[in-house]
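Novice:
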């Protein structure tokens, strides 16, 4: 059970406080409701590039990191298709430094040409390092546009292509900032040995004076139902073939989200999961085989990814995975298997409560979904799931016409 | 009007609390360090053995012994142990580095009584079935081929081979090594190395005293064996520049460094940690500020001082755009020279000190981190006074003292340089 309190400033900033007296470290996490899905299709990669620029100095503070490091803290951030999340951890006595820094960059960024120029290069190197200069690095650049034809999930957070990042102008940066970085669009959580009063006072002092900006309402195209199997085959200079499959599934707020999540656990959570046990260890058709969900806010993907054993064709590998999925459609999973998944989830939940930063991040994510209190109801969503529910869900999402398949072949 | 220009006042971290473990001994002589300091209902139970890769006679033995723990045992067929571990929501993690092998169980407290006997069976009676081993080896070989395509991985391997030319630390498995391992080699290694005299139990989290009795019941039967720990001194060969071209690479992996002949826990050792932080040990470091935040040549660059049982070494590493590989090298040497020739400014030194103290506070937060901190000094013959001396050095060190040590250890001419990619 994670206890927290919530209040909202007049400018719309939502603030959560979680008290944990056992740690000398305080976590300051601020999430902005903006991600790659909010980008223009001709300017992708922008939300993430922007995350880098947020460290390039603000109106009154030329460098974000130095004062934080001086206070014994450190900071980082991540961007997803849905959100941009910034976090600082520091010794609790210096909490105010985080308020000072974070409020100034929400108030107004410095917008220097130097920072834009350098961060463009840094992000391009990041693009190369993680997506181009790695075996299989470009998989998501291929899979997303295969699975999504309309919804902006069709491009990756890093962007569609390097050119979009090269083309970013200061004008774009400013427009993006004022549109998405508003107090109404932010959720702050402070977790550590703090009191609600203390956080209220600091929030009021540093974030209170920031004027609300125009409300942004998101209107994204809905991905139409997929009606036929999509296939893509590519050849790359990699040591071994790889298989990727995606299936459309529900959005984060839908009840069946939890069913798909659980199905992915049945298939590949732990070494005793079906994929590992049967296809990797018993039949030895794959060297690795995983199932996971993207977990996105809008309708997401159930993903299967694997590397077939040398000598096993992608066609054979595909057929074997299909077989496992069909077993889930035809046969009920056993009560034992179900209990195993539930026990594992309970453990993961408890381990997840060990760090204040983790708790602060999760509280913000759940608040974004409508209510931070959901953090304590997570297990309830799974407890009552029955084998029958899972079978129905498997019948629905594992239809072949709901899937996209990528054969990633090694150049001989 | 709110003053947004002046930073709020800050206070440096003065004290980091490190906690002494409870020390117990099983009837077979195996020592237990217990950190009963958690607030969450979780337990980490770790078995450490002096059985890292430096002791193996053939590549991969140490790694596959630890990897195969949990696979099958005298009383459980393949898959049964993992099934039980998953069923009780526990996690089994095993790995092996140059010096040590570790097998660790993570569990929530309420499942401990169910899972402990299973874990004991996995650890005490493993059978290393040939069929499963072959599957793991084939998988390992394929993974190796994938990893080897990455400039970062290849660069790290080549660098380590050259740095430790005459020591087991410099030996790596090649592709053929995966074809040459047999179950009997693993069994021999396991019998010789996984003994009470050659290991240490570390338990951390929230538990009551009865845990020690349970540990005696389940693990008191680990054979006594003998202590296999030994050291072989590393002789650093020579500074050289090595370039391995990789066709089609759009980035290059860079690694620069050397073995440091310094005593672990000595004044100079702590000073080296501080200089390293200035150079490349945090986000605001000189390498990051210059090569990423000013020039944009890389997504990330950093440096570290790594302490192993037989050697302490220093390295800088980065993956950089192929077209700016030479420019990056030039800047790295510029920064090394600057470190040896110019005093660190007072302002920068204060920032580094504050940052280091804050990060020491963070890295010892929670029972698992505390246990890790203790363990890392314990195996090198130190106790918690190591951290007191470290913190006091951070507080008192001057720029003058740092430059003396920089000159002695960070001479750019003495560095080994490895580049894999394209320049």
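Protein chains in written order, with the working numbering: chain A, 1 to 412; chain B, 1001 to 1423. Quick reminder that beta carbons are idealized off the backbone N, C-alpha and C, glycines included.
#1: Quick one: grab the DSSP three-state call for residue 322 of chain A.
#2: Whole-angstrom Cβ separation of residue 1379 of chain B and residue 1204 of chain B, contact assumed at under 8 Å?
#3: Among the candidates B:1346, B:1255, B:1052, whose CA atom is the shortest distance from the CA of residue 1160 of chain B?
#4: For the segment 391-407 of chain A, list every residue whose C-beta sits within 7 Å of some C-beta in chain B, in sequence order.
#5: Rank A:165, A:121, A:96, A:221 by C-alpha distance to the C-alpha of residue 152 of chain A and give the top, closest one.
#6: For residue 420 of chain A and residue 1250 of chain B, which I take to be in contact (beta-carbon distance under 8 Å), what is that distance rounded to the nearest angstrom?
#7: For residue 49 of chain A, which of A:187, A:379, A:124 has the nearest alpha-carbon?
#8: Taking the alpha-carbon positions, what's the residue 1192 of chain B to residue 1088 of chain B distance?
#9: Judging by CA-CA distance, which residue of A:309, A:15, A:8 is the nearest neighbour of residue 1134 of chain B?
#10: If residue 1366 of chain B sits next to residue 355 of chain A, beta carbons under 8 Å apart, how far is it from one beta carbon to the other, in whole angstroms?
#11: Looking at the C-beta of residue 13 of chain A, does it have a partner C-beta in chain B at a distance below 8 Å?
#12: Per DSSP, what kind of secondary structure is residue 1056 of chain B in: helix, strand or coil?
#13: Put residue 158 of chain A into one of helix, strand or coil per three-state DSSP.
#14: Going by the beta-carbon positions, is the gap between residue 178 of chain A and residue 213 of chain A smaller than 8 Å?
#15: How about the segment 1016-1028 of chain B and the segment 251-267 of chain A: do they share at least three Cβ pairs that are nearer than 8 Å?
#16: What's the C-alpha gap between residue 1225 of chain B and residue 1049 of chain B?
#17: Secondary structure at residue 1197 of chain B, three-state DSSP: helix, strand or coil?
#18: So what does DSSP say about residue 1015 of chain B, is it helix, strand or coil?
#19: Rank A:243, A:281, A:254, A:88 by C-alpha distance to the C-alpha of residue 305 of chain A and give the top, closest one.
#20: Could you have a look at residue 1317 of chain B and say whether DSSP puts it in helix, strand or coil?
#21: Would you mind sorting residue 311 of chain A into buried or exposed? The rule is 16 or more other CB atoms within 10 Å of its CB.
#22: Can you pull the chain B neighbours of residue 94 of chain A, defined as C-beta to C-beta under 7 Å?
#23: Which residue's Cα is closest to the Cα of residue 1360 of chain B: B:1281, B:1297, B:1216, B:1062?
#24: Could you name the residues that DSSP lists as bridge partners for residue 1303 of chain B?
#25: Check whether the Cβ atoms of residue 200 of chain A and residue 4 of chain A sit closer than 8 Å, and answer yes or no.
#26: Give the interface partners of residue 1298 of chain B over in chain A, defined as CB-CB distance under 7 Å, in chain order.
#27: Starting from residue 16 of chain A, follow its DSSP beta bridges and name the residues at the other end.
#28: Give the DSSP bridge partners of residue 1241 of chain B, in chain order.
#29: Using beta-carbon positions only, say whether residue 292 of chain A and residue 403 of chain A come within less than 8 Å of one another.
#30: If we count the other Cβ atoms within 10 Å of its Cβ and call it buried at 16 or more, is residue 73 of chain A buried or exposed?
#31: Bridge partners for residue 1096 of chain B per DSSP, in chain order?
#32: How many Å lie between residue 1018 of chain B and residue 1388 of chain B at the Cα?
#33: Compile a chain-ordered list of the residues in the segment 239-263 of chain A whose CB is closer than 8 Å to at least one CB of chain B.
#34: Taking 8 Å as the CB-CB cut-off, is residue 1039 of chain B touching chain A?
#35: For residue 328 of chain A, tell me which candidate among A:252, A:368, A:390 has the shortest Cα-Cα distance.
#36: What number of angstroms, rounded off, separates the C-alpha of residue 254 of chain A from the C-alpha of residue 384 of chain A?
Specialist: Answer, in terms of the structure:
#1: For the purposes of this step, residue 322 of chain A is identified with residue 322 of the first chain, where counting begins at 1. Three-state result, residue 322 of chain A: helix.
#2: Along the second chain, read from residue 1 onward, the residue named residue 1379 of chain B stands at position 379. Along the second chain, read from residue 1 onward, the residue named residue 1204 of chain B stands at position 204. Not quite, the Cβ-Cβ distance comes to about 16 Å (not below 8 Å), so this is no contact.
#3: Here residue 1160 of chain B corresponds to residue number 160 of the second chain, with the count starting at 1. Residue 1160 of chain B has its Cα closest to that of B:1255, out of B:1346, B:1255, B:1052.
#4: The segment 391-407 of chain A vs chain B, Cβ under 7 Å: nothing.
#5: In the first chain, the residue the question calls residue 152 of chain A occupies position 152. Closest in alpha carbon position to residue 152 of chain A, among A:165, A:121, A:96, A:221, is A:221.
#6: The question about residue 420 of chain A has no answer here: the residues shown for chain A are numbered 1 through 412.
#7: Stepping through the first chain from its first residue, residue 49 of chain A is reached at position 49. Checking every option, the nearest Cα to that of residue 49 of chain A belongs to A:124.
#8: Sequence index remark: in the second chain, residue 1192 of chain B carries index 192 (1-based). Sequence index remark: in the second chain, residue 1088 of chain B carries index 88 (1-based). C-alpha separation (whole angstroms): 31 Å.
#9: In the second chain, the residue the question calls residue 1134 of chain B occupies position 134. For residue 1134 of chain B, the closest of A:309, A:15, A:8 by C-alpha to C-alpha distance is A:309.
#10: By one-based count along the second chain, residue 1366 of chain B stands at place 366. By one-based count along the first chain, residue 355 of chain A stands at place 355. With a Cβ gap of about 7 Å, residue 1366 of chain B and residue 355 of chain A count as contacting.
#11: What you label residue 13 of chain A is simply residue 13 of the first chain in a count that begins at 1. It does not; no Cβ of chain B falls within 8 Å.
#12: Along the second chain, read from residue 1 onward, the residue named residue 1056 of chain B stands at position 56. For residue 1056 of chain B, the three-state secondary structure derived from DSSP is coil.
#13: To locate residue 158 of chain A, count along the first chain from 1; it is residue 158. Residue 158 of chain A: coil per DSSP, three-state reduction.
#14: For this step, residue 178 of chain A is matched to residue 178 along the first chain. For this step, residue 213 of chain A is matched to residue 213 along the first chain. Yes; because the gap between Cβ atoms is below 8 Å, this pair is in contact.
#15: Three or more Cβ pairs closer than 8 Å define a contact, and the segment 1016-1028 of chain B falls short of that threshold against the segment 251-267 of chain A.
#16: The residue you call residue 1225 of chain B lines up with position 225 of the second chain. The residue you call residue 1049 of chain B lines up with position 49 of the second chain. If I take the Cα positions, the gap works out to 12 Å.
#17: For the purposes of this step, residue 1197 of chain B is taken as residue 197 along the second chain, with counting starting at 1. In the structure shown, residue 1197 of chain B sits in a helix (DSSP, three-state: H, G or I).
#18: One-based indexing of the second chain puts residue 1015 of chain B at position 15. It is coil, neither helix nor strand.
#19: Position 305 of the first chain, counted from the start, is the residue given in the question as residue 305 of chain A. Here the closest residue by C-alpha is A:243.
#20: Against the second chain, residue 1317 of chain B aligns to sequence position 317. In the structure shown, residue 1317 of chain B sits in a strand (DSSP, three-state: E or B).
#21: In the first chain, residue 311 of chain A corresponds to position 311, counting from 1. Its Cβ having fewer than 16 others within 10 Å, residue 311 of chain A is exposed.
#22: Within the first chain, numbered from 1, the residue matching residue 94 of chain A stands at position 94. 1010, 1011, listed in chain order.
#23: Position 360 of the second chain holds residue 1360 of chain B. Here the closest residue by C-alpha is B:1281.
#24: Reading the second chain from its first residue, position 303 is the one you call residue 1303 of chain B. According to DSSP, which records beta bridges pairwise, residue 1303 of chain B is partnered with B:1316.
#25: Residue 200 of chain A sits at position 200 when you count from the first residue of the first chain. Residue 4 of chain A sits at position 4 when you count from the first residue of the first chain. Their beta carbons are not under 8 Å apart, which means residue 200 of chain A does not touch residue 4 of chain A by this criterion.
#26: Your numbering for residue 1298 of chain B matches position 298 in the second chain. Listed along the chain, the chain A residues whose CB falls inside 7 Å of the CB of residue 1298 of chain B are 125.
#27: Your numbering for residue 16 of chain A matches position 16 in the first chain. Per DSSP, A:6, A:189.
#28: Numbered from 1 along the second chain, position 241 holds the residue referred to as residue 1241 of chain B. Note: residue 1241 of chain B sits in a beta bridge opposite B:1417.
#29: Numbered from 1 along the first chain, position 292 holds the residue referred to as residue 292 of chain A. Numbered from 1 along the first chain, position 403 holds the residue referred to as residue 403 of chain A. Contact flag unset, no.
#30: Translated into the one-based positions of the first chain, residue 73 of chain A becomes position 73. Its Cβ being crowded by 16 or more others within 10 Å, residue 73 of chain A is buried.
#31: In the second chain, residue 1096 of chain B corresponds to position 96, counting from 1. In DSSP, residue 1096 of chain B forms a bridge with B:1101.
#32: Here residue 1018 of chain B refers to the residue found at position 18 of the second chain. Here residue 1388 of chain B refers to the residue found at position 388 of the second chain. Going from the Cα of residue 1018 of chain B to the Cα of residue 1388 of chain B covers about 9 Å.
#33: 239, 240
#34: Mapped onto the second chain, residue 1039 of chain B falls at position 39. For residue 1039 of chain B, the answer is yes, since a Cβ of chain A falls inside 8 Å of its Cβ.
#35: Along the first chain, one-based indexing puts residue 328 of chain A at 328. Of the candidates A:252, A:368, A:390, the residue whose Cα lies closest to the Cα of residue 328 of chain A is A:390.
#36: The residue labelled residue 254 of chain A in the question sits at position 254 within the first chain. The residue labelled residue 384 of chain A in the question sits at position 384 within the first chain. Spanning the two alpha carbons is a distance of roughly 15 Å.
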